[in-house]
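Taking it in order: structure first as C-alpha cells, then the write-up.
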Amino acid sequence: MDQSGIGLWGVPLAMLAGAIRVSTPFIFVSVGECLTERSGRINLGLEGTLVMGAMSAYGTALASGSPWLGVGVAALVGLLLGALHAGICQLPRVNDIATGIGLMLFATGLAFFLGKPFIQPKAPNLGAIDLGWWSSIPQVRQALQVNYLFVLGIALAFALAWALKTTRWGLIVRLAGESVDAALAIGTHVGRVRMIATAVGGSFAGIGGAFLSLYYPGSWNEGLSSGQGLMAVALVIFARWDPVRCLWASLLFGAAGAISPALQSVGVTEGYYLFSAAPYVLTLVLMIATCSPERSLRGAPGELGAVRQKEMRQWPGSMSTRAPIPGPGTAT
Amino acid sequence: MSPKDQVALESPPAALVTAPASSSARDNMRAILERIAVPALALLASAVIFGLLLAIYAGVDPLEAFALMYQGAFGTWFSWQNTLTRAAPLILTALCTALPARLGLVIIGNEGALVLGGVAAAAAGVAVSAASPLVVQLTMIVAGMLAGGLWIAFAGALRQYRGVNETISSLLLTYIAIALMNHFVEGPLRDPESLNKPSTRAIGDINMIGTIPGMDVHWGLAFGIVACIAVFLFQRFTTWGFAMEVIGGNPKTARMMGLNVGRYVLLACGAGGAAAGLAGTVEVAAVMGRANASLAVGYGYSGILVSFLARHNPLAIIPVAVLLGGISASGGLLQRRLDLPDAAVVVLQGIIFVVILASETLYGRLLPRRQGS
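The listed protein sequences correspond, in order, to chains A and B.
Take our numbering: the last position of the first sequence gets the number 507, and nothing is skipped along the way.
Take our numbering: the last position of the second sequence gets the number 377, and nothing is skipped along the way.
Structure below.
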C-alpha cells in the first residue's frame with residue numbers, strides 16, 4: 176500500500192479502519208456472550224463457535240455462491256453449538272467453564288476437519304458500503320469501506336441493551352441471571368431461558384465468524400482466528416455486562432489490533448510481533464484495572480458461573496462473582 | 005485423620021466436585037467402581053460419536069479406522085516409542101493445569117509457559133554453550149523452568165491480589181508468550197543462517213539431552229513421570245499438600261484456619277508453570293536443538309485435556325497422557341491410509357473432552373445407591 180501521500184497520518188487512519196473492520200467479530204461475539212452471561216451462563220467456547228461459523232459460512236458461500244446464505248448457515252451452526260453447550264451445562268454438577276474449554280477444542284478441531292477442502296478455493300465476499308465517496312484520498316476511501324455486518328452489529332448492541340432493559344423478555348433473562356430462586360418463584364423455566372440465551376448468543380458468534388471468512392481477512396484457513404473469541408469473552412467482563420459498552424470496547428480492541436499492520440504499512444517493521452500482542456496486553460491491563468479482589472464486580476449477574484448441584488441450587492465456585500480466594504490481608 | 009478419610013477426600017476441589025465423600029466401605033467401593041466405569045463409558049461414547057462422524061462424513065469404515073489408530077499408537081515397538089515421545093510433553097504440560105486445579109483455579113496457559121520455557125532454554129543454552137554439556141543442560145533446565153514458572157505464577161498473582169479471572173488471563177498470556185517467541189526468534193535471538201524458518205542459534209549437538217538407554221524416547225518422559233510421582237507424594241504426604249487441598253475444598257475454612265493462601269497459589273501456579281516450561285526445554289534440548297515456531301504445536305492445549313481427563317490426579321496423568329499421545333501419534337497413519345485430514349485426531353480429542361466433562365453428572369447416579377446415604 177502506498178502511504179507516501181499522507182505519511183504518518185496513515186497510522187491513525189489505519190487504526191480507524193481497523194476499528195471498523197477488525198472490531199466486527201468482537202462486537203458480535205461480545206454482544207452474544209453478554210446475552211448469555213446475563214442469563215447466568217458462561218460460554219467460554221465462543222472461540223470455537225467463531226471458527227466453526229467462519230468455516231461453515233465460507234463453505235456455504237462457496238457451494239451456493241451466496242455469501243448471505245453463508246451468514247445464515249453460520250448463525251445456525253452457532254445456534255446449535257450454543258444449544259449443545261447449554262444442554263451439557265444443564266446437567267447437574269457439570270462445570271460450564273470446563274465445558275466451554277472442551278467445546279472450544281472440539282469446535283476448532285471440527286472446523287479444521289470439515290474445512291480442509293475449502294482452504295484453496297475463493298468464495299464470494301460480502302459487499303461493503305462506501306462511506307468514503309466524498310474523499311479523493313484512496314486511503315481514506317479504503318478506511319471508510321463499511322461492511323453491512325458492522326452496521327448490523329451496532330444495531331444489535333443497541334437493540335439488546337434496549338430489550339434487556341425494557342422488555343418483559345429481557346427482564347426474564349436478567350432474572351434468570353440474577354437469582355434462580357426469584358425466577359423460580361414467579362414460575363420462570365430457568366433452564367429454558369438459559370438455553371435460548373446461550374443458543375442465540377452462539378448464533379451471534381457464528382455471524383462474527385462469517386465476517387472473518389467472508390469479509391476480512393476474507394478467506395478460510397486454520398489460522399483465521401487468533402483468540403478473538405476469547406478476547407471478546409474477556410471484553411464482556413471489562414464492559415460490565417452492558418451491550419453498548421461491549422460495542423465501544425470492541426472498537427477499542429479493533430484499533431489495538433490494527434496497530435501492528437498500520438505501523439508496518441508506513442515502514443515501521445521493528446517490533447512487529449510485539450505490537451501484534453497489543454490487543455492481548457490491552458485486554459489484560461484492562462482486566463487488571465477493572466477487577467478487584469475485595470468485591471465482586473459491579474454489574475455482574477448474580478448467578479454467573481454457579482454450578483448446579485441439583486434443583487438449581489447455588490454452589491460456591493463461580494467465575495467472577497465467587498468470593499475471592501482470601502488474601503494474606505484478609506486472613507485472620 | 006485416618007488413611008481411609010484421606011482416600012475419600014482425594015476428590016478434586018469444589019469447582020470440579022465428584023461424588024460426596026462417604027464413610028462406609030461399601031460406599032467407598034461404589035465410588036471406586038464409578039471412577040472406573042464412568043470414564044470407560046465416556047470413552048466408549050466418544051468412540052461411537054467419532055465413528056459415526058467418520059462413517060457419515062468421510063465414508064470411512066470406523067472399525068478399520070480404530071484398528072489403524074491402535075496400530076499407529078500401540079501396534080509396534082516403533083509406534084510405542086512414537087507415542088511415548090509425544091506423551092512426554094503432555095505429562096509435563098498437564099501438571100500446569102493439575103497443580104493449580106488443586107486450589108480450585110482453572111489455569112489454561114500451558115502453551116504459553118511451554119513456549120516461553122523453550123525460548124528461555126534455547127537462549128540460555130546458546131549463551132553458555134562453551135561450558136561443559138552438563139552445565140549447559142542444567143542451565144537450560146533452570147532457565148526454562150524459571151520462565152514458565154514465573155509466567156503462570158503471574159496469572160496466579162493476578163487472581164490472588166487483583167481478582168482477575170485466571171482462566172482468561174492465563175490464555176491471554178499464552179498469546180502474548182507466542183508473540184514474544186516470534187519477536188525473539190525473528191529478532192534479537194535469530195540465527196542469521198536460518199532463512200526459511202527463523203530460529204535461534206543451535207545449542208550444539210554435544211549439549212543435547214539424549215534418549216533413555218534402550219529406547220528411542222528422550223529423557224523428557226522420565227522427567228515427566230518423576231514429576232508426577234513427586235507431585236503425588238507432595239499432595240498426599242506433606243502439610244503443604246494438605247493445606248492446598250483445604251484451600252481448594254473451601255477457601256473460607258482455609259481463611260479461618262489462618263492459611264497463607266497467596267503463598268500456596270503462587271507455589272502451585274509457579275510449580276505448574278515450571279513443569280510446562282520444562283516441557284518446552286525438553287522440546288528444545290532433546291528434539292529440536294533450537295527454538296522456533298515449532299514449539300507452539302499444541303502440546304499445551306492437549307495438556308489441559310490430559311489434566312481434566314485425569315481429574316487433576318498426578319498419577320492418572322501418566323496413563324491418560326500415553327493414551328492421548330497415542331491418539332496423536334496415530335494421526336499420521338490415518339492421514340496416509342484413509343486420507344483423513346490431520347485434524348481428525350483433534351476432533352476425537354475434543355469429543356472425548358466434552359463427553360468426559362458431561363459424564364461428571366453420572367457420578368453418584370450410575371450404580372444403585374443405598375437409601376439414606
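Backbone N, C-alpha and C fix where the C-beta goes; we use that ideal spot for every residue, glycine too.
Note that the coordinates shown come from a computational prediction; the quantities given were computed from them, not determined experimentally.
Residues of chain A with a CB under 9 Å from the CB of residue i: which are they?
i	result
Ala-283(B)	What Ala-283(B) touches in chain A: nothing, since even the nearest Cβ is about 18 Å away.
Glu-190(B)	Tyr-447 and Tyr-448
Phe-312(B)	Ala-273, Ile-276 and Gly-277
Gln-339(B)	Ordered by position in chain A, no residue passes the 9 Å Cβ test against Gln-339(B), which lies about 11 Å from the chain.
With burial defined as no fewer than 16 other Cβ atoms inside 10 Å of the residue's Cβ, what is the status of residue i: buried or exposed?
i	result
Asn-211(B)	buried
Leu-120(B)	buried
Ala-44(B)	exposed
Gln-295(A)	exposed
Met-219(B)	exposed
Thr-285(B)	buried
Pro-187(A)	exposed
Pro-196(B)	exposed
Arg-213(A)	buried
Tyr-61(B)	exposed
Lys-485(A)	Bear in mind that a pLDDT of 41 at Lys-485(A), under 50, signals an unreliable position, so the model cannot answer this.
Trp-308(A)	exposed
Ser-311(A)	exposed
Ala-334(A)	exposed
Phe-413(A)	buried
Ala-360(A)	exposed
Gly-63(B)	exposed
Ala-203(A)	The sequence shown places Phe at residue 203(A), rather than the Ala named in the question. By the neighbour-count rule (16 or more Cβ atoms within 10 Å), Phe-203(A) is buried.
Gly-215(A)	buried
Ile-304(A)	exposed
Pro-200(A)	buried
Residue i and residue j: beta carbons closer than 7 Å?
i	j	result
His-279(A)	Val-252(A)	Checking the displayed sequence, the identity of residue 279(A) turns out to be Met instead of His. No, they are not a contact pair.
Val-365(A)	Val-348(A)	no
Ser-205(A)	Val-411(A)	yes
Ala-380(A)	Thr-224(A)	yes
Glu-208(A)	Val-408(A)	yes
Arg-398(B)	Cys-421(A)	Outside the displayed span of chain B (5 to 377) sits residue 398(B), for which this structure offers no information.
Gly-307(B)	Leu-94(B)	yes
Val-269(A)	Thr-365(B)	yes
Glu-170(B)	Ile-111(B)	yes
Gly-393(B)	Gln-164(B)	Here chain B comprises residues numbered 5 to 377, so residue 393(B) is not present and cannot be evaluated.
Thr-87(B)	Gly-304(B)	no
Gly-477(A)	Glu-353(A)	yes
Asn-300(A)	Leu-389(A)	yes
Ala-229(A)	Leu-399(A)	yes
Ile-512(A)	Leu-219(A)	Nothing can be reported for residue 512(A), as the shown portion of chain A is limited to 176 through 507.
Phe-288(A)	Ala-348(B)	yes
Ile-213(B)	Ala-117(B)	no
Ser-133(B)	Gly-224(B)	no
Cβ closer than 8 Å: which chain E residues qualify as neighbours of residue i?
i	result
Thr-365(B)	The structure shown contains no chain E; its protein chains are A and B.
Give the DSSP bridge partners of residue i, in chain order.
i	result
His-316(B)	Bridge partners of His-316(B): none, in fact.
His-222(B)	Thr-215(B)
Ile-304(A)	Val-321(A)
Arg-367(A)	Per DSSP, none; premise fails for Arg-367(A).
Arg-194(B)	Thr-204(B)
Asn-296(B)	Ser-203(B)
Starting from residue i, find everything on chain A with Cβ-Cβ shorter than 7 Å and list it in chain order.
i	result
Asn-186(B)	Tyr-448
Ala-362(B)	Ile-263, Leu-266 and Val-269
Ser-173(B)	Leu-459 and Met-462
Arg-194(B)	Under the 7 Å cutoff, chain A gives no residues; its nearest Cβ is about 12 Å from Arg-194(B).
Could you list which residues in chain B have their beta carbon closer than 8 Å to that of residue i, in chain order?
i	result
Leu-256(A)	Ordered by position in chain B, no residue passes the 8 Å Cβ test against Leu-256(A), which lies about 11 Å from the chain.
Gly-398(A)	Result: empty, since nearest Cβ-Cβ is about 11 Å, beyond 8 Å.
Under the criterion of a Cβ to heavy atom distance below 6 Å, does residue i qualify as lining the ligand ATP?
i	result
Ala-372(A)	The ligand content of the structure shown is nil, which means the ligand ATP is not present either.
Output, in chain order, the set of chain B residues within a Cβ distance shorter than 7 Å of residue i.
i	result
Ile-434(A)	Per Cβ cutoff of 7 Å: no residues; Ile-434(A) is ~12 Å from chain B at best.
Ser-198(A)	The contacting residues do not exist; Ser-198(A) stays about 18 Å from chain B at best.
Can you list the residues of chain A that residue i reaches, using a CB-CB cut of under 8 Å?
i	result
Phe-357(B)	Ile-276, Gly-277, Leu-280 and Phe-281
* To do: Please determine if the region 340-354 of chain B and the region 55-67 of chain B are in contact, where contact requires at least 3 C-beta pairs separated by less than 8 Å.
  => yes
* **Sufficient close CB pairs (3 or more, under 8 Å) joining the region 270-290 of chain B to the region 147-163 of chain B** => yes
* Asked: Can at least three beta-carbon pairs, one atom from the region 181-196 of chain B and one from the region 290-306 of chain B, be found at a separation below 8 Å?
  -> yes
* the region 200-209 of chain B in contact with the region 422-429 of chain A per 3-pair CB rule at 8 Å -> no
* To do: Would you be able to state if there are at least three C-beta pairs under 8 Å between the region 97-107 of chain B and the region 305-325 of chain B?
  => yes
* For the region 239-251 of chain A and the region 385-397 of chain A, state whether three or more C-beta atom pairs, one from each stretch, are separated by less than 8 Å. => yes
* Asked: Are the region 124-133 of chain B and the region 231-238 of chain B in contact at 8 Å, needing three or more beta carbon pairs?
  -> no
* Asked: Is the region 63-78 of chain B in contact with the region 325-344 of chain B, if contact means three or more CB pairs nearer than 8 Å?
  -> yes
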